[in-house]
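Some notes on the structure that comes next.
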Amino acid sequence: MNKWAAAGIFDANFLCVCVLGDPQAVKLAREMGNQMKLTHCVNGFVDSEEDLPDYGQLGCGGFIVLDGDHRAISKATSAFMEVRDLAFHHVEAILAAVTAGKPPPAVCPGEYCRLEVAPDGQEKFQGEPGICKAVKDGLLTISLLGRRSRGKNVQVPPSAVRKINQDGSYADGKPEIVDVDVEAGGGDSSAGNCDPEQATMDGRWTTTGAVMVIKDMQITYPSGRVAPLEIAESSGCGFQVGYHYKVWVAGKVYMAKSEPGKLTWSDGSVWQLQEADHGLDEAFLQRTLGQMTSTKVQDMDDEHEECAEVLHQLAALRSQASIVAVEACLAEHFSHEEALFDEFGFGEHKNEKLSAKKTHIADHNRILAKIRQSIAEGEKRLAGVGHWRVPAPLIKEVIQDFHEHSARYDVQYSDVVNAGLAAKQSCAPQVQNKPIIDQVSCTKVGG
Ligand SMILES: [Fe+2]
Ligand SMILES: [Fe+2]
C-alpha cells in the first residue's frame with residue numbers, strides 16, 4: 029500500500045486503518061506505521077467499538093476499494109491469505125480501470141473462474157477451472173487448475189469465462205466441483221485409473237548419456253526418430269509402479285518394469301527419469317526452511333525447527349509417508365499455537381472478521397487443508413497399490429506457505445504470548461522448567 033502511494037501511479041488515497049476498537053489502537057497504529065515504514069499512505073485507527081465499520085476484514089483478507097463518492101466498489105478484493113501476490117494485482121486492476129473512468133474488469137487477478145469457451149485448438153480445456161493471473165488489452169490470462177490442465181495458461185476474453193468460488197461452485201450459486209491437483213507423469217503415474225492421459229510415463233528419461241522423451245505415448249529418441257508406445261499387456265490400467273509390462277516400441281516387443289523414476293527394459297537398459305526443475309533445490313530450501321523468522325517464544329521456535337525438518341524430508345523423499353508426517357507435525361504445532369492464543373487472549377476481537385486470532389487460525393487451516401487434500405487424492409488414485417509420489421509443485425507451495433506463515437503471522441503473537449508466559453512464571457515458579465503447553469494455568473496474572 030505504501031509503495032502504491034509512493035509511486036503515484038493511481039489517482040487514489042491509500043488508507044491503513046487499525047481496527048482494534050479500543051484506546052490501545054493509537055499505540056498499535058503507531059507501531060505498525062513504524063514497523064512497516066508507512067511514510068506515504070495515511071495511517072489511521074479506530075479507538076472505540078461504536079466507531080467500528082459494519083463490514084470489512086483485516087488486510088490479509090482483502091482490501092476495501094471506494095470510489096470518489098466513498099461508495100464501495102469492492103468490499104473485499106481477493107484475500108492475500110488465499111492467493112498471495114495476486115491479491116495485490118486484483119487491487120491494481122480495479123484501480124487502473126476506475127481511475128481511468130472505466131468499470132472494474134469482469135474478472136480480476138486472483139479471482140477463480142471456469143473456462144466456458146475454450147480457445148481454438150484447446151478445446152480439451154473446455155470446462156476447466158482456473159485462476160485469473162492478469163488482465164491486459166481486454167484479455168484475461170487464466171492459469172488452469174484442473175487435473176489435466178494444471179499449469180497451462182490460456183488467454184481469453186472475459187466472455188469466455190464464468191466466475192466461480194474457490195470451492196468450485198459458481199459465484200451465482202450453481203453447485204460445481206473443482207478438479208483436484210494431481211501431478212501427471214514421471215514413471216510413477218497414477219494407478220487405478222484407465223484414462224491414458226493420466227496413466228502417463230511422460231517425462232525425460234536418460235540412459236548412458238542419451239535422453240529420450242516420452243510424451244503422449246510416443247518415444248522420441250536422440251536421433252529424432254519417433255516410436256509409438258503401446259501397452260500390449262499389463263495387470264492394470266496404464267503403467268503402475270513395480271509392475272511388469274509388455275510394450276511395443278517401433279514394431280518390437282520389450283518388457284519394461286516401472287519403479288519410481290526408473291524403467292528397466294528387457295534388453296538390459298535402464299532409464300532414469302530426469303526430474304523436471306520444480307525449484308525444490310537446496311537454494312530454495314535454504315531461503316525458506318533455512319531462514320525461519322523467530323517468534324521469540326522458545327517452544328514455538330523449537331517446534332518450527334521440527335516442522336522444517338519433516339518438510340525437508342518431504343522435499344527429499346516426496347513419499348506418502350513423508351507427507352503424512354508433515355501433516356501430523358504441522359497439525360500438532362498449530363494446535364499448540366492456538367492453545368496459547370486461547371490461554372493469553374491473543375488477537376481476540378468482538379467482530380470475528382477483524383480478529384487477528386481468527387485469520388491466523390484460518391491460515392493454519394488453509395495450509396492443513398492443502399496437505400490433507402493432496403493425501404486424500406493420492407490415496408484415492410493409488411487405490412492401495414504401489415507407491416505414490418507427492419507432486420513437487422505442491423511440496424514447494426506448502427514449504428513456501430509455512431515459511432510465509434511464520435514470517436507474517438507467527439511473529440505477531442510474540443509480545444502477547446511472552447508477556448503472558450512471564451506473568452505466569454512469576455506466579456507459578458514451581459513449574460518453571462516444564463514445557464509451556466503442560467503448565468497449569470495461573471488465574472492471577474502479574475502477581
Ligand atoms: Fe508456527
Ligand atoms: Fe501459526
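If you read the sequence shown in the working numbering, its first letter stands for residue 29, the second for the next number, and so on. We put the beta carbon where it would ideally sit given N, CA and C, even for glycine.
Just measuring C-alpha positions, the residue of Tyr282, Gln300 and Gln302 sitting nearest Ser294 is Tyr282.
Annotation: the segment 68-119 contains the following complete segments of the alpha helix (DSSP H) (minimum length 4 residues), in chain order: 108-111.
Classified as exposed, Gln154 has fewer than 16 neighbouring CB atoms from the shown chains inside 10 Å of its CB. For Ala124, the secondary structure class from DSSP, reduced to helix, strand or coil, is helix. Using a Cβ-Cβ distance cut-off of 8 Å, the segment 348-368 and the segment 376-383 are not in contact, since fewer than three pairs of beta carbons, one from each stretch, lie closer than that value.
Look at the beta carbons and you see the segment 92-108 not touching the segment 71-79: under three pairs across the two are nearer than 8 Å.
Between ligand 1 and Asp438, a heavy atom-to-CB distance of less than 7 Å is present. Residue environment analysis places Gly296 among the exposed positions, since fewer than 16 neighbouring C-beta atoms fall within 10 angstroms of its C-beta. Distances taken from the Cβ of Glu376 to the heavy atoms of ligand 2 include none shorter than 7 Å.
Using a 10 angstroms sphere on the CB of Asn181, the tally of other CB atoms stays under 16, which defines it as exposed.
By the Cβ-count criterion, Arg417 is buried, with 16 or more other Cβ atoms from all chains shown falling within 10 Å of its own Cβ. Excluding the 5 residues flanking it on each side, His433 has same chain C-beta neighbours closer than 6 Å at Asp391, in chain order. Short of 6 Å from the beta carbon of Val241, and not among the five residues preceding or following it, lie these beta carbons of its own chain, in chain order: Arg232 and Thr248.
In this structure, the CA atom of Gln453 is about 10 Å from the CA atom of Ala447. In the structure shown, Cys136 falls within a coil segment according to DSSP collapsed to helix, strand and coil.
Where Met60 is concerned, there is no enclosing beta strand (DSSP E), although the alpha helix (DSSP H) around it starts and stops at Ala53 to Gln63. Counted as a single uninterrupted DSSP element, the beta strand (DSSP E) harbouring Val298 occupies residues Val298 to Gln302. By the C-beta criterion, the segment 114-123 is judged not to be in contact with the segment 424-440, since fewer than 3 inter-stretch pairs fall below 8 Å. The residue from Arg99, Gln440, Pro157 and Leu123 with its alpha-carbon nearest to that of Ala188 is Pro157.
Annotated as proximal: Leu86 and Ala384, with beta-carbon spacing under 8 Å. At a cut-off of 4 residues, the continuous stretches assigned as alpha helix (DSSP H) that sit fully inside the segment 339-414 are 348-372 and 384-410. Taken in chain order, the complete beta strand (DSSP E) segments of 3 residues or longer contained in the segment 168-197 are 181-184 and 189-191. Counting other Cβ atoms within 10 Å of its Cβ, Asn393 stays below 16 and is therefore classed as exposed. Taking a contact as a CB-CB distance under 8 Å, the pair Phe430 and Cys335 counts as one, their CB atoms being some 6 Å apart. Annotated as proximal: Ala40 and Leu123, with beta-carbon spacing under 8 Å. Excluding five sequence positions before and after Arg346, the CB atoms of its chain that fall closer than 6 Å to its own CB belong to Arg417 and Val418, given in chain order. For His332, the closest C-alpha among the options Ala311, Val239, Val163 and Glu360 is that of Glu360. Secondary structure at Ala284: strand, using DSSP grouped into helix, strand and coil. Remark: the shortest separation between the CB of Glu310 and any heavy atom of ligand 2 does not fall under 7 Å. In the DSSP assignment, Met240 forms a beta bridge with Trp233. Between Arg142 and Ile192 the beta-carbon gap is near 5 Å, inside 8 Å, which marks them as a contact. Ala255 and Gly179 have their alpha carbons spaced roughly 27 Å apart. Between ligand 2 and Glu365, a heavy atom-to-CB distance of less than 7 Å is present. Annotation for Thr323: no alpha helix (DSSP H) segment contains it, and DSSP assigns it neither H nor E.
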